[in-house]
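Counted the way the working numbering counts, the sequence shown spans residues 131 to 247.
Just so you know, even glycine gets a beta-carbon here, dropped at the ideal spot from N, CA and C.
Data block below; observations after.
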Amino acid sequence: MYKRIEEILSEIQVLKAEYQESVATQPAHVAREISDKSGVLRQELTDILIKGAGVCPECGNKPHGLIQPVAVEGIKLKLYEVRCLVHFNNRARGITIEEAVKKWNNKDYMPERRVSA
Ligand SMILES: [Zn+2]
131 MYKRIEEILS EIQVLKAEYQ ESVATQPAHV AREISDKSGV LRQELTDILI
181 KGAGVCPECG NKPHGLIQPV AVEGIKLKLY EVRCLVHFNN RARGITIEEA
231 VKKWNNKDYM PERRVSA
């Protein structure tokens, strides 16, 4: 599962470069095809990151999954996050996908984000 995530992320990087290249040199449909491919990969990534997660208890939408790079005491880590795109305070993080999904399902959300001016 994590190996596939790495593959998807590197494939998306490759497509990004191809996209930029094609915009300058290729007919428009080429860029569109590349962006469609990238969309399919992103969907696959989301599906992996929210595997087993229920819908948002407030709006019933499927949650979104993402990978957050963080540094804890100078050590770089990847955290997995499950969140609602409508309710920003409904988000759960874990050091594994399973942990993030479990917390999400248990409504064990992160502390509310403070809006700094
Ligand atoms: Zn929601």
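- In this structure N236 is exposed. Its beta-carbon is surrounded by fewer than 16 other beta-carbon atoms within 10 angstroms.
- Here the alpha carbons of D238 and P187 stand approximately 12 angstroms from one another.
- Inclusion of R213 and H194 in the CB contact set at 8 angstroms is warranted, their separation being smaller than that value.
- Rounded to the nearest whole angstrom, the CA to CA distance from K192 to I227 is 16 angstroms.
- The beta carbon of N220 sits closer than 7 angstroms to at least one heavy atom of ligand 1.
- Within 7 angstroms of the C-beta of N235 there is not a single heavy atom belonging to ligand 1.
- The nearest non-hydrogen atom of ligand 1 is less than 7 angstroms from the C-beta of E188.
- The shortest CA-to-CA distance from K181 to any of Y210, Q156, V153 and G190 is the one to Y210.
- For the pair L139 and I164, the CB atoms are not nearer than the 8 angstroms cut-off.
- Within the model, the alpha-carbon separation for I135 versus T155 is close to 30 angstroms.
- The beta carbon of E141 lies closer than 8 angstroms to those of L171 in the same chain, with the five residues before and after it left out.
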